[in-house]
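Below is one structure, written out as structure tokens; comments come after it.
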Amino acid sequence: MAKPILTIKNLTKKYGENVIFHDISLTVNEGDTIVIIGPSGTGKSTLLRCINLLTCADDGQIWLDDLEITAKGCDDDRVRQHIGMVFQNFLLFNHLNALDNVMLGLTKVKHMKPDEARVKALRELERVGLADRAEHYPGQLSGGQQQRVAIARALAMDPRIMLFDEPTSALDPELIGEVLEVMRKLALEGMTMLVVTHEMGFAREVADRIVFLEKGSIVEEGPPDELFYRPKHDRTREFLWKITELYGKKDENK
Amino acid sequence: MDVAKFLQYIASGTAYTVGVTLIALPSGLILGTLLALLNVYSGKTSKALTNLYSTVMRGIPPIVLLFILYFIVSGSINLSPFLAGSISLGIVSSAYQMEIVRGAILSVSGGQMMAARAVGMSKRQAIRNVILPQTLRLAIPPWSNEAAIVIKDSSLVYALGVPEILRRAQLISASTQQPFLAYAAAAVIYFILVFITSRLLDGLEKQLRIPANP
Chain A
1 MAKPILTIKN LTKKYGENVI FHDISLTVNE GDTIVIIGPS GTGKSTLLRC INLLTCADDG
61 QIWLDDLEIT AKGCDDDRVR QHIGMVFQNF LLFNHLNALD NVMLGLTKVK HMKPDEARVK
121 ALRELERVGL ADRAEHYPGQ LSGGQQQRVA IARALAMDPR IMLFDEPTSA LDPELIGEVL
181 EVMRKLALEG MTMLVVTHEM GFAREVADRI VFLEKGSIVE EGPPDELFYR PKHDRTREFL
241 WKITELYGKK DENK
Chain B
1001 MDVAKFLQYI ASGTAYTVGV TLIALPSGLI LGTLLALLNV YSGKTSKALT NLYSTVMRGI
1061 PPIVLLFILY FIVSGSINLS PFLAGSISLG IVSSAYQMEI VRGAILSVSG GQMMAARAVG
1121 MSKRQAIRNV ILPQTLRLAI PPWSNEAAIV IKDSSLVYAL GVPEILRRAQ LISASTQQPF
1181 LAYAAAAVIY FILVFITSRL LDGLEKQLRI PANP
């Protein structure tokens, strides 16, 4: 049986009276790529931030492997080392070049020796196809390149799972492909990934399961074919229809 | 009295002026940075307290504060007027420098902190390795302004009897009846000091600027 890496049980998050999401339960098994889709403002990003403990959930539990990370006294910083996070707006460290961006976590958090960290960081940059840009600063890289460096930075920590928060939403259309390509490769290599995205082509092709989130609840979840061709709920069908209409042409060309 | 000796007398106060500035400016920077970090990253209480500190300190003329602080500082520890005056001036400047650093921290944006935490850094590590290196770069231009102010405000310690440029200008103007020459000489020296400092800081800013495509 597949081994669960991330288990979420009855997770709820509120800001004051405003319920962001409610009673979310989700299991991510080793090697799975789970894509979360849904209209904006339904708590997809907040869910990822709760998993990464960047935001505190109000109720419910999360386990990373066998460790309950929502338990009191859990070392947040330690947990985050094992969860890679890629943000919509890249968030590279602006004052460091690509190599140092990837190295910083290795030297400061993992306490690796600079020489070892450099070798590892270069290998990760190679993995995203940017070894030749190691000396470039974020301001000298395109959006797509910055996002790939951000992916390398997260990968360098050897995370158990990678979280992607709309990684291509801030990119010019012609730069989206290179980022998706890297993510596709990661999925093939067996990385466990939880991806929030509107890229339906990617979802259909790469996801093991798609989760449709709306108004803070999971409406439907299942394999891509099932969701795309035989959705159980009208809302799922409507949303997918709207999105495919928007992005459809691109998919047909593939 | 010949002019060369006259000028030399005033110019020899430069060492005091530079000394006061070299103590006041860095101590103000260290204190101001700590206050700014407390203001942005600590709880509500430290935010309120540091805001109060900043408001009060910036609401009082530096010379009044200098006298108050001088008597507090020199009353508790036995220090020379030079040291006590320099430290007091540093404390005055810390409120202004706190605002400079605070503004820079806020413009670095919460995203950088979040990214650092996401890699597994503690708040302290994130501040040291990600926030401060960017903040201090951004702070150089407004800080250059504050440096000019502190150099000029160093003249205030003349009131404590420190024989810096202004004090000497005043003494020699009284003894030679040449006030214009005396104060003009002092003005020129202050101007040169400020000019050199701002040029140096401009250079530093260019040197440390983060490379980016235009």
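Protein sequences appear in the order of chains A and B.
The opening position of the first sequence corresponds to residue 1 in my numbering, with each subsequent residue numbered one higher.
The opening position of the second sequence corresponds to residue 1001 in my numbering, with each subsequent residue numbered one higher.
Beta carbons: idealized from backbone N, C-alpha and C, even for Gly.
As the structure is a computational prediction, the values presented were derived from the model and not from experiment.
Are residue i and residue j closer than 9 Å when you measure CB to CB?
{"i": "VAL86 of chain A", "j": "ASP165 of chain A", "result": "yes"}
{"i": "GLU199 of chain A", "j": "THR168 of chain A", "result": "yes"}
{"i": "TYR1053 of chain B", "j": "MET1098 of chain B", "result": "yes"}
{"i": "PHE21 of chain A", "j": "THR55 of chain A", "result": "no"}
{"i": "THR46 of chain A", "j": "THR192 of chain A", "result": "no"}
{"i": "ILE1072 of chain B", "j": "SER1027 of chain B", "result": "no"}
{"i": "ASP77 of chain A", "j": "MET1057 of chain B", "result": "no"}
{"i": "TYR137 of chain A", "j": "PRO1211 of chain B", "result": "yes"}
{"i": "ALA1185 of chain B", "j": "LEU1035 of chain B", "result": "no"}
{"i": "ASP58 of chain A", "j": "LYS14 of chain A", "result": "yes"}
{"i": "GLN81 of chain A", "j": "PRO159 of chain A", "result": "yes"}
{"i": "ILE218 of chain A", "j": "SER25 of chain A", "result": "yes"}
{"i": "GLY38 of chain A", "j": "GLU214 of chain A", "result": "yes"}
{"i": "ILE83 of chain A", "j": "ILE36 of chain A", "result": "no"}
{"i": "LEU1069 of chain B", "j": "SER1154 of chain B", "result": "no"}
{"i": "VAL211 of chain A", "j": "GLU221 of chain A", "result": "yes"}
Could you list which residues in chain B have their beta carbon closer than 7 Å to that of residue i, in chain order?
{"i": "MET157 of chain A", "result": "VAL1119, GLY1120"}
Report the residue from the options whose alpha carbon sits nearest the alpha carbon of residue i.
{"i": "GLN1207 of chain B", "options": "B:ILE1149, B:ARG1137, B:TYR1009, B:PHE1006", "result": "B:ARG1137"}
{"i": "MET157 of chain A", "options": "A:MET191, A:GLY143, A:ARG204, A:GLY105", "result": "A:GLY105"}
{"i": "ILE1215 of chain B", "options": "B:ALA1024, B:GLY1013, B:ILE1149, B:ILE1151", "result": "Coverage of chain B is limited to positions 1001 through 1214, which leaves residue 1215 of chain B absent and any answer about it impossible."}
{"i": "LEU11 of chain A", "options": "A:ALA2, A:THR27, A:GLY139, A:VAL119", "result": "A:THR27"}
{"i": "ILE1149 of chain B", "options": "B:SER1046, B:GLY1120, B:VAL1092, B:ILE1172", "result": "B:VAL1092"}
{"i": "ALA1024 of chain B", "options": "B:LEU1066, B:ALA1184, B:LEU1035", "result": "B:LEU1066"}
{"i": "PRO1062 of chain B", "options": "B:SER1076, B:GLY1032, B:ALA1095", "result": "B:ALA1095"}
{"i": "SER1042 of chain B", "options": "B:ILE1127, B:LEU1069, B:GLN1112, B:LEU1089", "result": "B:ILE1127"}
{"i": "LYS185 of chain A", "options": "A:LEU155, A:PHE212, A:LEU122", "result": "A:LEU155"}
{"i": "VAL1020 of chain B", "options": "B:LYS1152, B:ALA1118, B:GLY1059", "result": "B:LYS1152"}
{"i": "ALA71 of chain A", "options": "A:LEU53, A:GLN88, A:GLY84", "result": "A:LEU53"}
{"i": "LEU92 of chain A", "options": "B:LEU1037, B:VAL1064, B:VAL1119", "result": "B:VAL1119"}
{"i": "THR107 of chain A", "options": "B:GLY1032, B:LEU1204, B:ASN1129", "result": "B:ASN1129"}
{"i": "PRO1142 of chain B", "options": "B:ILE1060, B:LEU1029, B:ASN1078", "result": "B:LEU1029"}
{"i": "LEU67 of chain A", "options": "A:HIS95, A:ARG127, A:ILE5, A:VAL19", "result": "A:ILE5"}
{"i": "ALA177 of chain A", "options": "A:VAL128, A:MET162, A:PRO224, A:LEU163", "result": "Here residue 177 of chain A is Gly; the residue named in the question, Ala, does not match the sequence. Nearest C-alpha to GLY177 of chain A: A:VAL128."}
Can you find the residues in the same chain that come closer than 6 Å, C-beta to C-beta, to residue i, ignoring five residues on each side of it along the sequence?
{"i": "VAL1162 of chain B", "result": "TYR1016, PRO1081, PHE1082, GLY1085"}
{"i": "ASN253 of chain A", "result": "The predicted model places ASN253 of chain A with a pLDDT of 44, which falls under 50 and marks its position as unreliable; any figure quoted below should be read in that light. Nothing listed; no residue qualifies."}
{"i": "ASN1039 of chain B", "result": "LYS1047, THR1050, ARG1102"}
{"i": "THR7 of chain A", "result": "THR27, TRP63"}
Go through its chain and collect everything with a Cβ distance to residue i's Cβ below 8 Å, but skip five positions before and after it.
{"i": "LEU125 of chain A", "result": "ALA98, LEU99, VAL102, ALA131, ARG133, ALA134, VAL149, ALA152"}
{"i": "PHE1135 of chain B", "result": "Residue 1135 of chain B is actually Thr in this sequence, not Phe. Taken in chain order, the residues that qualify are VAL1101, ALA1104, ILE1105, VAL1108."}
{"i": "ASP251 of chain A", "result": "Residue placement at ASP251 of chain A cannot be trusted, given a pLDDT of 48 that sits under 50; the coordinates are not used to answer."}
{"i": "LEU171 of chain A", "result": "GLY143, GLY144, GLN147, VAL179"}
{"i": "ILE1010 of chain B", "result": "ILE1165, ARG1168, ALA1169, ILE1172, ALA1182, ALA1185, ALA1186, ILE1189"}
{"i": "ARG1117 of chain B", "result": "LYS1123, ALA1126"}
{"i": "ASP23 of chain A", "result": "ASN10, LEU11, THR12, GLY60, SER217"}
{"i": "LYS1005 of chain B", "result": "none"}
Going by the DSSP bridge assignment, what does residue i pair with across the sheet?
{"i": "ASP165 of chain A", "result": "A:VAL196"}
{"i": "PRO4 of chain A", "result": "A:ASN29"}
{"i": "ASP59 of chain A", "result": "A:THR12"}
{"i": "ILE1105 of chain B", "result": "Looking at the DSSP assignment, ILE1105 of chain B forms no beta bridge with any residue, so it has no partner."}
{"i": "MET85 of chain A", "result": "A:LEU163"}
{"i": "GLU220 of chain A", "result": "A:PHE212"}
{"i": "PHE21 of chain A", "result": "A:LYS13"}
{"i": "LEU64 of chain A", "result": "A:LEU6, A:LEU67"}
{"i": "ILE1192 of chain B", "result": "Paired residues: none, contrary to the question."}
{"i": "VAL35 of chain A", "result": "A:VAL195, A:ILE210"}
Output, in chain order, the set of chain B residues within a Cβ distance shorter than 8 Å of residue i.
{"i": "GLN81 of chain A", "result": "VAL1119, GLY1120"}
{"i": "ARG153 of chain A", "result": "VAL1119"}
{"i": "LEU54 of chain A", "result": "MET1114, ARG1117, ALA1118"}
{"i": "LEU48 of chain A", "result": "Ordered by position in chain B, no residue passes the 8 Å Cβ test against LEU48 of chain A, which lies about 10 Å from the chain."}
Just the chain B side, please: which residues come within less than 9 Å of residue i by C-beta, in chain order?
{"i": "ARG127 of chain A", "result": "Under the 9 Å cutoff, chain B gives no residues; its nearest Cβ is about 17 Å from ARG127 of chain A."}
{"i": "PHE228 of chain A", "result": "Those do not exist, as PHE228 of chain A stays about 32 Å from chain B at its closest Cβ, beyond 9 Å."}
Spatial neighbours of residue i within its chain, please: C-beta separation below 7 Å, excluding the five flanking residues on both sides.
{"i": "GLY31 of chain A", "result": "GLY190, THR192"}
{"i": "GLN145 of chain A", "result": "LEU130, ARG133"}
Under 7 Å Cβ-Cβ, which residues of chain A neighbour residue i?
{"i": "ILE1210 of chain B", "result": "ASN94, HIS95, TYR137, GLY139"}
{"i": "GLN1134 of chain B", "result": "ASN94, HIS95"}
{"i": "VAL1101 of chain B", "result": "Within chain A, no residue comes near VAL1101 of chain B; the closest Cβ sits about 16 Å away, beyond 7 Å."}
{"i": "ASN1129 of chain B", "result": "LEU104, LYS108"}
Does chain C have any CB closer than 9 Å to the CB of residue i?
{"i": "GLN1207 of chain B", "result": "The chain inventory of the structure shown lacks chain C, comprising the protein chains A and B."}
Quick check: is any heavy atom of the ligand COA less than 8 Å from the C-beta of residue i?
{"i": "SER1154 of chain B", "result": "As presented, the structure is devoid of all ligands, the ligand COA included, so that no description of it is given."}
Using a cut-off of 8 Å between C-beta atoms, extract the partners of residue i located in chain A.
{"i": "ASN1213 of chain B", "result": "GLY139, GLN140"}
{"i": "GLY1111 of chain B", "result": "PHE87, ASN89, LEU91"}
{"i": "ARG1137 of chain B", "result": "HIS95"}
Could you tell me which chain A residues have their CB closer than 9 Å to the CB of residue i, listed as they occur along the chain?
{"i": "GLN1125 of chain B", "result": "ASP77, LYS108, VAL109"}
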